[in-house]
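Following the UniProt record's numbering, the numbering of the sequence shown begins with 1 at its first residue and continues without gaps.
Don't be surprised by glycine CBs; every beta carbon is placed ideally from N, CA and C.
The model shown is predicted, which means the values in this text are computed figures rather than measured ones.
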Amino acid sequence: MESIIILIFIIGYLSITLEHPLKLDKTVPALIMAALIWAVLAVGFHAGWFDVIDTHERAFNFLSGGEAAEEGFENTLLHHLGKTAEILIFLIGAMTIVEIIDLHRGFEILKGAVRTKSKKKLLWIIGILAFILSAIIDNLTATIVLVTLLRKLITVREERLWYAAMVVIAANAGGAWSPIGDVTTTMLWIADNVTAAGLIEYVVIPSIVCFVIPFIIATYLPAFRGEIEVDTTEDVVAERLLSSKTMLFLGLGMIVSVPIFKTVTHLPPYIGMMLALGVVWLVSEYIHPEEDFSKERRHLYSAHKALSRIEISSILFFLGILMAVGGLESLVFGVAENGDPVGTLRYLAEVLQEAIPNQDVVVILLGVLSAIIDNVPLVAASMGMYDSPTDSVLWHFIAYSAGTGGSMLIIGSAAGVAAMGMERIDFIWYLKKITWLAFIGFIAGAGVFLLIERVIFQHT
């Protein structure tokens with residue numbers, strides 16, 4: 001019966017990847033897949049066909065556990081919903097702040113700073129911005145900000161897709177060496193598997209390699225030759241407002257404050273994002289964007305309008321994907337070496353470890369898998385598998401691989417999914433045009449990491 005749940009996931013996943021040939025919005029199969037996986041899981045659990053495991057490695061069998069098992073199942077479902085909601089609230093907050101900045105034409109300030117018509121120069125400017133910003137405000141938010149900026153700079157969508165795709169590579173590489181740059185590095189940091197200093201010291205150079213090499217190759221591609229077509233009419237219409245600079249720096253400043261808030265309070269990042277959104281929203285209610293500002297024009301710059309511009313289908317897509325992965329993670333699929341029951345993803349990690357004794361190869365495969373399956377449960381599974389000390393080579397390599405490996409597919413990372421939702425990037429187009437660049441960067445960075453850790457410093 002376990003195979004039914006895995007089959008639902010495979011069919012749902014294929015439907016997402018074939019979104020354009022099927023002429024079906026990817027959100028539809030994601031939501032149906034998540035609902036069906038949990039429905040089959042619930043029916044099978046109550047019928048005694050299979051057990052459910054929670055995040056504390058406790059397995060529940062309904063026939064032998066009764067009410068306690070029922071409560072365990074409900075708590076497992078609520079846990080996965082809670083973890084998914086954290087990401088969704090964070091995403092909604094970040095996207096709303098970006099849209100408020102955009103309504104006040106704050107990105108015109110950044111647009112004015114990017115004074116080049118050369119496609120190659122723009123590629124490097126955007127790439128460096130993505131790499132640095134993602135380490136400060138996380139790869140997801142950096143991607144949202146820069147894709148919004150690209151919309152201001154490049155009017156031709158076909159050209160913009162290339163830049164948006166390269167932003168994903170740079171943002172994921174930038175997020176991998178920062179404890180707040182990616183969800184997985186934050187997980188490892190909170191669990192004391194890595195320290196901020198250790199992560200930066202050993203992962204920053206491989207991350208730079210992972211970012212730079214694909215960009216060097218990209219400068220020789222036809223898509224980045226010549227000059228950008230500039231829409232001269234847009235400069236007249238989209239002039240700066242009195243509030244442009246204030247809202248840009250306030251918005252970005254409040255996003256940057258989220259990790260500081262988390263460090264001080266030890267609360268999850270979404271709480272800090274709620275505060276950030278509240279402050280930006282408050283200021284937007286009272287600021288005057290124009291000289292002769294009237295109440296009748298207030299709605300043009302309001303947070304309500306910003307909320308209406310959010311890509312809700314992307315939010316629902318996240319909901320479907322993360323809940324489906326949570327269902328897979330909760331299904332007891334086998335037993336570990338010590339005889340304890342494990343979930344599907346944990347079982348997969350155990351099989352990999354048994355089949356491939358070399359730990360470094362397993363971690364590289366983890367990076368490749370993170371492009372296909374969400375990297376959060378994969379990293380969570382690896383945290384449960386190993387008991388290496390803080391700042392060991394293993395944890396640093398997992399942070400690098402899980403953070404950058406997702407760039408190989410457009411749906412392999414939060415940054416990729418955000419770019420996909422905002423620009424409607426086709427899965428197959430990305431697979432053909434960008435995957436090979438991301439793979440070269442990932443492998444080159446992994447090689448540099450192993451050279452530094454295993455050969456130069458000879459760490460074990």
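{"query": "Beta-carbon within less than 8 Å of V455's beta-carbon, same chain only, minus the 5 sequence neighbours each way: which residues are those?", "result": "none"}
{"query": "May I ask you to list the residues that DSSP assigns as paired with F60?", "result": "V52"}
{"query": "Please report how far the alpha carbon of L277 lies from the alpha carbon of A142, in whole angstroms.", "result": "16 Å"}
{"query": "Taking K120 as the reference, which of V279, I217 and K245 has the closest Cα?", "result": "I217"}
{"query": "Taking the beta strand (DSSP E) that V342 belongs to, which residues open and close that run?", "result": "P341 to G343"}
{"query": "Let me know the secondary structure DSSP gives S118 once reduced to three states.", "result": "strand"}
{"query": "Tell me the DSSP secondary structure of V264 in three-state form.", "result": "helix"}
{"query": "Just verifying my parser: in three-state terms, what is the DSSP assignment at V194?", "result": "coil"}
{"query": "Nearest-angstrom Cα distance between P268 and A197?", "result": "21 Å"}
{"query": "Using 8 Å as the threshold, is the segment 397-412 in touch with the segment 369-379, meaning 3 or more CB pairs across them?", "result": "yes"}
{"query": "Note down the Cα distance separating K295 from R309, rounded to an integer number of angstroms.", "result": "21 Å"}
{"query": "Can you grab the Cα-Cα spacing for the pair G326 / V279, in whole Å?", "result": "33 Å"}
{"query": "Can you give me the start and stop residues for the beta strand (DSSP E) that G334 sits inside?", "result": "V332 to V335"}
{"query": "I'd like the span of the alpha helix (DSSP H) that includes Q458, first residue to last.", "result": "Premise fails: Q458 is in no alpha helix (DSSP H) and is neither H nor E."}
{"query": "Check whether the Cβ atoms of A130 and A171 sit closer than 9 Å, and answer yes or no.", "result": "yes"}
{"query": "Taking DSSP's pairing of strands, which residues face E227 in a bridge?", "result": "S118"}
{"query": "Assign T404 to one of three DSSP states: helix, strand, or coil.", "result": "helix"}
{"query": "Sorted by chain position, which residues of the same chain lie with C-beta nearer than 6 Å to I101's C-beta, five sequence neighbours on each side aside?", "result": "M247, L248 and G251"}
{"query": "Quick one: what does DSSP say S243 is sitting in, helix, strand or coil?", "result": "coil"}
{"query": "On the criterion of 16 or more Cβ atoms from any shown chain inside 10 Å, does V236 qualify as buried, or is it exposed?", "result": "Confidence is the limiting factor: at V236 the pLDDT is only 41, short of 50, which leaves the residue's position unreliable, though a coordinate-based value still follows. It counts as exposed."}
{"query": "Rounded to a whole number of angstroms, what is the C-alpha to C-alpha distance between residue 470 and F261?", "result": "Missing from the structure shown is residue 470; the chain here goes from 1 to 460 and no further."}
{"query": "Return the CA-CA distance between L265 and S302, expressed in angstroms with no decimal places.", "result": "The identity of residue 265 in the sequence shown is Thr, whereas the question assumes Leu. Distance between the alpha carbons of T265 and S302: 30 Å."}
{"query": "Using the Cα positions of I398 and L242, report the straight-line distance between them to the nearest angstrom.", "result": "46 Å"}
{"query": "Where does A290 fall in DSSP's three states?", "result": "The displayed chain sequence assigns Glu, not Ala, to residue 290. Coil."}
{"query": "Just the Cα atoms here: how many angstroms apart are residue 462 and A191?", "result": "Not covered by the structure: residue 462. The range shown for the chain is 1 to 460."}
{"query": "Look up Y270 in the DSSP assignment and say whether it is helix, strand or coil.", "result": "helix"}
{"query": "By Cβ distance below 7 Å, which residues in the same chain neighbour I364 in space, the five residues on each side in sequence not counted?", "result": "S401 and A446"}
{"query": "Assign R151 to one of three DSSP states: helix, strand, or coil.", "result": "helix"}
{"query": "Can the beta-carbon of M95 be found less than 9 Å from the beta-carbon of I144?", "result": "yes"}
{"query": "The alpha helix (DSSP H) that contains M1, what's its start and end?", "result": "From DSSP, M1 is part of no alpha helix (DSSP H); its letter is neither H nor E."}
{"query": "Closest to residue 461 by C-alpha separation, out of L307, T148 and S118, would be which residue?", "result": "An answer regarding residue 461 cannot be provided, because it is not within the stretch 1 to 460 covered by the chain."}
{"query": "Can you tell me whether K23 is buried or exposed, with buried defined as 16 or more other CB within 10 angstroms of its CB?", "result": "exposed"}
{"query": "Near A125, which residues of its chain fall below 6 Å by C-beta distance, leaving aside the five closest residues on each side in sequence?", "result": "Checking the displayed sequence, the identity of residue 125 turns out to be Ile instead of Ala. V114, listed in sequence order."}
{"query": "Is A380 near L348, with beta carbons less than 9 Å apart?", "result": "no"}
{"query": "Select from Y220, A173 and D182 the residue whose C-alpha is nearest the C-alpha of V204.", "result": "A173"}
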